[in-house]
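With this note's numbering as the guide, the letters of the sequence shown map in order to residues 1368 to 2310.
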Amino acid sequence: MDLRDFHGPNAGYILELYERFRRDPSSVDPASRTVFEQWQPEPDGAGAVGGETTAISLQRAVKAANLSQAIREYGHLGARLDPLGRKPPGEPSLSLDFHGLTEGDLRALPAALVGGPAAEGARDAEEAIRRLREMYSGTLGYDCDHLRSADERRWLREAAESRRFHPSMRPVDPIALLSKLTQVEVFERFLHRAFPGKYRFSIEGLDILIPMLEEVLQMAIGAGACTILIGMAHRGRLNVLAHILNKPYSQILAEFKDPIRPAFISSEVGYTGDVKYHKGARRELRDGDPTCLVVTIPPNPSHLEAINPVLEGMTRAAGTKVGKGGQPAFNPKVTLPILVHGDAAFPGQGVVAETLNLSRLCGYWTGGTLHIIANNQLGFTTMPYDSRSTLHASDLAKGFEIPVVHVNADDPEACLAAARLALAYRDKFHKDFVIDLIGYRRHGHNEGDEPGFTQPVMYKAVTPHPTVRELWAKSLQERGLLNADEAGKMVAAATEVLQRELETLEPAEDLQEQVPATPPPGAARKTKTAVPLERLRVLNRALVSLPENFRLHPKLEKLIARRREALDDPEGSTVDWAIAEGLALASILEDGIAVRMTGQDVERGTFSQHNAVFYDAEDGKRFVPLQALPKAAAPFEIYNSPLSENAVLAFEYGYNIQEPGRLVLWEAQYGDFINGAQTVVDEFLVSARSKWGQTPSLVMLLPHGYEGAGPDHSSARLERFLRLAAETNLRLAYPTTAAQYFHLLRRQAALLERDPLPLIVLTPKSLLRNPFSASRPVELAKGGWEPVLADAKALDQPDKIEQVLVCSGKFGVDLLTSDRREAHPETAITRMEQIYPFPADALLGVLKRFSKLKVVKWVQEEPRNMGALGFWNEQLNESFGQKLRSINERLVFGLVARSPNSSPAEGSSSVHANTQASLISRSFGDEAEPETKSAADAQASAR
Ligand SMILES: Cc1ncc(C[n+]2csc(CCOP(=O)(O)OP(=O)(O)O)c2C)c(N)n1
1368 MDLRDFHGPN
1378 AGYILELYER
1388 FRRDPSSVDP
1398 ASRTVFEQWQ
1408 PEPDGAGAVG
1418 GETTAISLQR
1428 AVKAANLSQA
1438 IREYGHLGAR
1448 LDPLGRKPPG
1458 EPSLSLDFHG
1468 LTEGDLRALP
1478 AALVGGPAAE
1488 GARDAEEAIR
1498 RLREMYSGTL
1508 GYDCDHLRSA
1518 DERRWLREAA
1528 ESRRFHPSMR
1538 PVDPIALLSK
1548 LTQVEVFERF
1558 LHRAFPGKYR
1568 FSIEGLDILI
1578 PMLEEVLQMA
1588 IGAGACTILI
1598 GMAHRGRLNV
1608 LAHILNKPYS
1618 QILAEFKDPI
1628 RPAFISSEVG
1638 YTGDVKYHKG
1648 ARRELRDGDP
1658 TCLVVTIPPN
1668 PSHLEAINPV
1678 LEGMTRAAGT
1688 KVGKGGQPAF
1698 NPKVTLPILV
1708 HGDAAFPGQG
1718 VVAETLNLSR
1728 LCGYWTGGTL
1738 HIIANNQLGF
1748 TTMPYDSRST
1758 LHASDLAKGF
1768 EIPVVHVNAD
1778 DPEACLAAAR
1788 LALAYRDKFH
1798 KDFVIDLIGY
1808 RRHGHNEGDE
1818 PGFTQPVMYK
1828 AVTPHPTVRE
1838 LWAKSLQERG
1848 LLNADEAGKM
1858 VAAATEVLQR
1868 ELETLEPAED
1878 LQEQVPATPP
1888 PGAARKTKTA
1898 VPLERLRVLN
1908 RALVSLPENF
1918 RLHPKLEKLI
1928 ARRREALDDP
1938 EGSTVDWAIA
1948 EGLALASILE
1958 DGIAVRMTGQ
1968 DVERGTFSQH
1978 NAVFYDAEDG
1988 KRFVPLQALP
1998 KAAAPFEIYN
2008 SPLSENAVLA
2018 FEYGYNIQEP
2028 GRLVLWEAQY
2038 GDFINGAQTV
2048 VDEFLVSARS
2058 KWGQTPSLVM
2068 LLPHGYEGAG
2078 PDHSSARLER
2088 FLRLAAETNL
2098 RLAYPTTAAQ
2108 YFHLLRRQAA
2118 LLERDPLPLI
2128 VLTPKSLLRN
2138 PFSASRPVEL
2148 AKGGWEPVLA
2158 DAKALDQPDK
2168 IEQVLVCSGK
2178 FGVDLLTSDR
2188 REAHPETAIT
2198 RMEQIYPFPA
2208 DALLGVLKRF
2218 SKLKVVKWVQ
2228 EEPRNMGALG
2238 FWNEQLNESF
2248 GQKLRSINER
2258 LVFGLVARSP
2268 NSSPAEGSSS
2278 VHANTQASLI
2288 SRSFGDEAEP
2298 ETKSAADAQA
2308 SAR
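Structure (structure tokens):
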């Protein structure tokens, strides 16, 4: 026998097996034994081992085995996945020719060579291969060979071939399925007729999505899930809301009627509402027990896929049990996240990749997400060849070790099999799963669009194509399961339900709005945040206690020693920023509020400031002091995030809105990077209350300050937050002392339920270790958050003060610690620690103390077109300005800032130092303000 006659992945294996069989038939498995027994030498000697006949049949056996393997791996490339009949992409190794085989060859070979259930009871290899093709290249294609886990591949292969999830093995109720498909179709058609031209982003062409979701829900509930969350875009959303979330038809129809609503006007905290296909809904499946079995679709913006990480964060929060202390545990069995994607958006939007990357990280894992790509083969007017560089819309998922099945949306049974398989896989492996549901789009992108302009050929196929309801009804009739007129009666009955709803509709009354409630007045002002010194000392002792025999890195010994002494002398010792933060969080945990903190390198801190996690220097074991507080009444979790801003911030947003009673903090590496998450800021953080009645209270820690680091690493772009601030939708603080930060965090925790608002904190870099910013222990034990810090020295002799510099954050510290200060006893420096909501009263209170006040200057280190300057000017034009002028009507207002620029800061540390020195000198009035062209002049000369 010539070994060169054998090739392909299975050749070596089969030869080796055959050799083993020759030596000892009982050493091989029964199936192989059956095969090899047929190759025993014939009586005349032809085909003796090593003889020609055996060699030929062995060669064919190898080829047949290679063909079987190709079908198992690449069968999906030959599958009939497109309801519109497009030819599959194909793969040469799926053909007989490629392997040099004929059907006759296969007929001469035993079925056992193909192996698996396809071979069971098959006459020969030809029949077994035919069956195998039906399994892998029918209307369901398994795209799983990228998985590195042999266990998972084996499980999926077994599931595919045993067909144990297929309705042929576990039947569905065919009439109930027809009835559901009828509801789905009739709903869209009814809306089409009743509201011609109105956008609804119809599901038609992917109608089977609804029965699939129904199947998934039933399975998840059966497996013990309590919270099921569905994130989805516009496509098919109304249908999912109506038929999965049971949103009443009357609500939906009232939204189409769109009556004038008093809620828009009456809300005190701002309310714009949102369009119907962005709205969310919640369905409780077990009456009277709201904690169990809740299905939620959160509202989402138009920004495709932006909801993905939000939904994951919601899931994580819902599945995280908070006990008394330690580290909270996530239980994947009680939740199920489902994400429905568009086929253009899935490969196109970066947030999808960012979210997939979260799927297996400790701090972000949600037990496996079921992804369904609602693949209508079009993105608005764009074809796949213009929208992705991959063959399938789902290919991105492959890099994340996620199995994919592609399924033809016109085959309801295959679709339900895919849904069942996905859920069973999730249950078994607790990993993500992708179903690429391939259908078509019955109309244009929206119902006013004409798809024939851009896809004339495709729509020649779409227009006459029967609906899946029609196809299913026909198949039931052919199987004798349905009378000829029954399908029509179902359509008539479903239409009548909708018609009745429309006729009896009272749009203004039927429309329910999620108008946000107004918080109790003064809640923030009245919050007590001080912690008695003795309690602080106990907390501090716990924070510096390491487990016995813990081998701390020698350089950290100094840090612990400093922390240990921080509270010894109430007036004399100093609490730096990190110590204040640790004490604030520890006291919050003792108060029973769970804390979650994430961000890039947050465990240690970008500036080595938090050191919230210690590692044994010898064995690397972790120790988190905040998880070991003896009297903690809630747990603490901290995770270094992956290198993302968009998805991770959105994740924390989702976590926060799902469990608003927990304090969630996200830290950016530098504040600049927040612009990578601008969608989250614009679309969720600042506007969700107004659009959807959500009340986020997420804390964002954004390092900010001009320290010569360059155009980036300087600015957290506070001007953008201030532009977005309206109707008290956020709090923005730029504190300058450790005690202020302590009170700010404690106040936020206390307000989580009473007056929730996102908190944006511009956090320090150099101030972390600046003695000026360290506080005395007594400052934590007394007082509270001060939105404005007066100049204590100036208040000693207020009548000397003629000029007040109003500033915020680090520049205030630069001024207070400047050598020029001594020479200017007439100048007071007032720090606005809270910028929004604008602390007008506190500021006026301070300024009124100076009876000889002549000049008030806003001074900042950011360029004129950035920072809080624009916001300050707006305040001067409002009632605050009037009140200020009433102190002295000849009050002069001044401004000091870097000159207007398109980039936030200089890329040279020496130029920075010069500019900074000049800003300080100009602030005190030692240097004249340079002539700056007005913006209009500058533009005019540029033209
Ligand atoms: C981030 C973002 N960019 C652009 C758009 C505008 N837009 C709305 S739908 C759409 C096409 C989406 O195609 P696909 O993902 O295939 O979903 P389909 O509408 O086909 O269901 C586009 C580009 C958007 N909504 N969000």
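In this text, a Cβ means the ideal position worked out from N, Cα and C, and glycines have one as well.
Inter-residue Cα distance where the pair is residue i and residue j
i, j, result
"V1539", "F1532", "11 Å"
"F2247", "P2206", "10 Å"
"L1612", "G2212", "53 Å"
"R1447", "R2087", "51 Å"
"K1765", "D1510", "9 Å"
"A1415", "S1516", "Bear in mind that the predicted position of A1415 carries a pLDDT of just 38, short of 50, making it unreliable; the figure below should be weighed with that in mind. Their Cα atoms are separated by approximately 41 Å."
"E1932", "L2258", "48 Å"
"A1486", "R1439", "14 Å"
"R1474", "H1466", "15 Å"
"T1894", "A1684", "26 Å"
"L1461", "I1496", "11 Å"
"T1702", "R2113", "31 Å"
"I1805", "L1584", "21 Å"
"F1568", "A1543", "25 Å"
"S2313", "H1797", "Nothing in the structure corresponds to residue 2313, since the chain is present only between 1368 and 2310."
"I2196", "V2171", "6 Å"
"K2058", "R1793", "34 Å"
"D1506", "R1787", "Note that residue 1506 is Thr in the sequence shown here, rather than Asp. Roughly 15 Å separates the two Cα atoms."
"R1498", "T1834", "28 Å"
"R1808", "D1777", "12 Å"
"V2145", "D2079", "37 Å"
"R1892", "N2255", "28 Å"
"F2260", "K2224", "6 Å"
Contact belief for residue i with residue j at Cβ below 8 Å, rounded distance in angstroms
i, j, result
"S2140", "V2180", "7 Å"
"I2319", "I1705", "Any property of residue 2319 remains undetermined from this structure, which presents the chain solely from 1368 to 2310."
"E2296", "R2289", "6 Å"
"D1943", "R2136", "7 Å"
"A1479", "V1402", "5 Å"
Boundaries of the alpha helix (DSSP H) in which residue i is found, first to last residue
i, result
"E2228", "Here E2228 belongs to no alpha helix (DSSP H); instead the beta strand (DSSP E) covers V2222 to P2230."
"T1973", "Neither: T1973 is in no alpha helix (DSSP H) and is coded neither H nor E."
"A1948", "For the sequence presented, residue 1948 should be read as Glu rather than Ala. Here the alpha helix (DSSP H) through E1948 covers W1944 to E1957."
"P1450", "Per DSSP, P1450 belongs to no alpha helix (DSSP H) and is neither H nor E."
"A1741", "Run containing A1741: none in the alpha helix (DSSP H); it sits in the beta strand (DSSP E), L1737 to N1742."
Beta-carbon proximity check, residue i vs residue j, cutoff 8 Å
i, j, result
"V1882", "G2060", "yes"
"L2052", "P2125", "yes"
"E1901", "R1963", "no"
"L1950", "L1913", "no"
"S2285", "E2273", "no"
"L2134", "K2177", "yes"
"A1526", "L1790", "no"
"D1958", "A2000", "yes"
"P1541", "L1843", "yes"
Segment limits, beta strand (DSSP E) that includes residue i
i, result
"F2003", "F2003 to N2007"
"M2199", "T2194 to M2199"
"E1814", "Segment: none, E1814 is in no beta strand (DSSP E) and carries neither H nor E."
"E2034", "L2030 to E2034"
"Y1509", "L1507 to D1510"
Proximity test, residue i beta-carbon vs ligand 2 heavy atom, cut-off 7 Å
i, result
"L1745", "Among the ligands in the structure shown, ligand 2 does not appear; only ligand 1 can be found there."
Could you tell me whether the stretch 1630-1645 touches the stretch 1737-1744, using the rule of 3 or more Cβ pairs below 8 Å? By the criterion of at least three beta-carbon pairs nearer than 8 Å, the stretch 1630-1645 is not in contact with the stretch 1737-1744.
Would you be able to state if there are at least three C-beta pairs under 8 Å between the stretch 2118-2136 and the stretch 2061-2072? Judged by Cβ distances under 8 Å, the stretch 2061-2072 makes contact with the stretch 2118-2136, as three or more pairs qualify.
At a cut of 8 Å, does the stretch 2104-2112 reach the stretch 2151-2168 through at least three beta carbon pairs? Yes: the two stretches touch, three or more of their Cβ pairs being nearer than 8 Å.
Specify whether the stretch 1707-1716 and the stretch 2012-2029 touch according to this definition: at least 3 beta carbon pairs, one from each stretch, less than 8 Å apart. Contact between the stretch 1707-1716 and the stretch 2012-2029 is absent, because fewer than three Cβ pairs lie under 8 Å.
Are at least three pairs of beta-carbons, each pair with one atom in the stretch 1569-1581 and one in the stretch 1544-1558, less than 8 Å apart? With the cut-off at 8 Å, the stretch 1569-1581 and the stretch 1544-1558 touch.
Three or more C-beta pairs below 8 Å linking the stretch 2180-2191 and the stretch 2231-2244: No: the two stretches stay apart, fewer than three of their Cβ pairs being nearer than 8 Å.
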